[in-house]
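In this note's numbering, the protein residues as written are 2 to 132.
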């Protein structure tokens, strides 16, 4: 029996990450991040998803950019670069949050992640820091 991940790619994994955020499935999201890391994929290898859904497209660009930040920080200290397509993804209309709305009250505006904020998506500054 073949694994559902046997023909997996960085883009398929990124798609699953975005879907996990949209479904508020934090465990699945964390699992996908770890899976991406453990596969040893390079972030620049993620091809342009060319997503027609502007929220999903913005989320995918934010996730890739945040992974690049985290992968390049100690103790990982990789030399990751961002795929070119990420810089071409515009913002989403303000209002979407990667965390439950009921938790947003605990965050000030200066607690927001600049990576997500530039695309009008709220994420805490330390979002994905578990990587």
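C-beta atoms are modelled at their ideal positions from N, C-alpha and C, and glycine is treated no differently.
Predicted model, so just to flag it, every value in this text is computed and none were measured.
So which of 43, 83, 98 and 58 has the shortest CA-CA distance to residue 17? Start at 1 with the first residue of the chain shown, and residue 17 comes out as number 16. The candidate whose alpha carbon is nearest that of residue 17 is 58.
Work out the CA separation of residue 39 and residue 64 for me, nearest whole Å. Along the chain shown, one-based indexing puts residue 64 at 63. Along the chain shown, one-based indexing puts residue 39 at 38. Cα-Cα distance, rounded: 16 Å.
The alpha helix (DSSP H) enclosing residue 55, as first and last residue numbers: Within the chain shown, residue 55 is the residue found at index 54, counting from 1. Run containing residue 55: 55-73, per the alpha helix (DSSP H) assignment.
Please check if any C-beta of chain B sits within less than 7 Å of the C-beta of residue 101. You won't find chain B in this structure, because it holds only one protein chain.
So, is residue 61 buried or exposed, given that buried needs 16 or more other C-beta atoms within 10 angstroms? Along the chain shown, read from residue 1 onward, the residue named residue 61 stands at position 60. It is buried - the Cβ of residue 61 has at least 16 other Cβ atoms within 10 Å.
What do you get for residue 129, buried or exposed, if any count of 16 or more other CB atoms within 10 angstroms of its CB means buried? Counted from its first residue, the chain shown places residue 129 at position 128. By the neighbour-count rule (16 or more Cβ atoms within 10 Å), residue 129 is buried.
With the cut-off set at 7 Å, would you say residue 47 and residue 84 are in Cβ contact? Counting from one through the chain shown, the residue named residue 47 turns up at place 46. Counting from one through the chain shown, the residue named residue 84 turns up at place 83. Yes.
Excluding sequence positions up to five away, which residues of its chain have a Cβ less than 7 Å from the Cβ of residue 108? Within the chain shown, the letter at position 107 stands for residue 108. So the list reads 125, once near-sequence residues are dropped.
Assigned exposure category for residue 25 - 16 Cβ within 10 Å defines buried: Residue 25 sits at position 24 when you count from the first residue of the chain shown. It counts as exposed.
Exposed or buried, which one is residue 19 when buried takes at least 16 other CB atoms within 10 Å? Residue numbering aside, residue 19 sits at position 18 when the chain shown is read from its first letter. Buried, because 16 or more other Cβ atoms sit within 10 Å of the Cβ of residue 19.
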